[in-house]
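Asks: In full-length UniProt numbering, the protein residues as written are 1 to 142.
Ideal placement from N, C-alpha and C gives every residue a C-beta, glycine not left out.
This is the structure I want to talk about, given as structure tokens.
See the structure below:
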């Protein structure tokens with residue numbers, strides 16, 4: 001079974017973050033520039049929340065707030081569900097489905113070490129299933 005650590009090995013090592021007092025506009029700009037859908041919200045080394053494009057759409061745009069005047073802490077999701085690098089990919093998919101979230105911060109010894117998305121998990125599961133199919137085909141073919 002694939003683990004989160006396997007996914008992180010193939011991802012960019014940089015984890016983009018934002019502070020809770022920063023304006024939402026800065027968070028949205030960073031997500032757009034880096035082509036990511038969510039940012040961990042960090043106060044020094046502590047993970048205090050997560051802010052996503054969905055948070056922006058639902059808590060800023062639909063409520064008529066100003067992106068430049070609203071601090072991230074007002075729209076972030078908190079507390080944050082996290083996983084460890086040892087967590088299984090299938091369990092992460094279950095968590096995301098149950099909680100209706102698309103991103104999971106990866107924590108190791110109270111330190112943020114990565115972020116995984118539902119896309120990362122789907123890609124890994126497809127890869128794992130393709131390997132199983134290939135092995136079965138080889139077995140059947142002799």
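(1) Can you tell me which of the three DSSP states residue 118 falls into?
(2) So the beta strand (DSSP E) residue 80 belongs to, where does it begin and stop?
(3) Could you say which of 121, 106, 86 and 76 lies nearest to residue 97 if we only look at CA atoms?
(4) Starting from residue 4, trace the alpha helix (DSSP H) both ways and give me its first and last residue.
(5) Looking at the unbroken alpha helix (DSSP H) that takes in residue 41, where does it start and where does it end?
(6) Do residue 82 and residue 24 have their C-beta atoms closer together than 7 Å?
(7) Can you tell which of 139, 91, 106 and 123 has the C-alpha that lies nearest to the C-alpha of residue 47?
(8) Identify, in the order they occur along the chain, each residue of the same chain with its Cβ nearer than 7 Å to the Cβ of residue 78, setting aside the five sequence neighbours on each side.
(9) Please list, in chain order, all residues of the same chain as residue 42 whose beta carbon is under 6 Å from its beta carbon, the five residues on each side excluded.
(10) Among 90, 119, 22 and 64, which residue has its Cα nearest to the Cα of residue 158?
(11) Name the two residues that bound the continuous beta strand (DSSP E) containing residue 87.
Replies: With the given structure in hand:
(1) Residue state, collapsed to three classes: helix.
(2) Boundaries for residue 80: no beta strand (DSSP E) harbours it, and the DSSP string shows neither H nor E there.
(3) Answer by Cα proximity: 121.
(4) Element bounds for residue 4: 4 to 9.
(5) Unbroken run through residue 41 is the beta strand (DSSP E), 38 to 43; no alpha helix (DSSP H).
(6) Between residue 82 and residue 24, the C-beta spacing is not below 7 Å.
(7) Looking from the CA of residue 47, the closest CA among 139, 91, 106 and 123 belongs to 106.
(8) Its chain contains 48 and 49 as the residues whose beta carbon lies nearer than 7 Å to that of residue 78, once the 5 sequence neighbours on both sides are disregarded; these appear in chain order.
(9) Here the set comprises 17.
(10) No statement about residue 158 is possible, as the shown extent of the chain runs from 1 to 142 and does not include it.
(11) Judged by DSSP secondary structure, residue 87 falls outside any beta strand (DSSP E); it is assigned neither H nor E.
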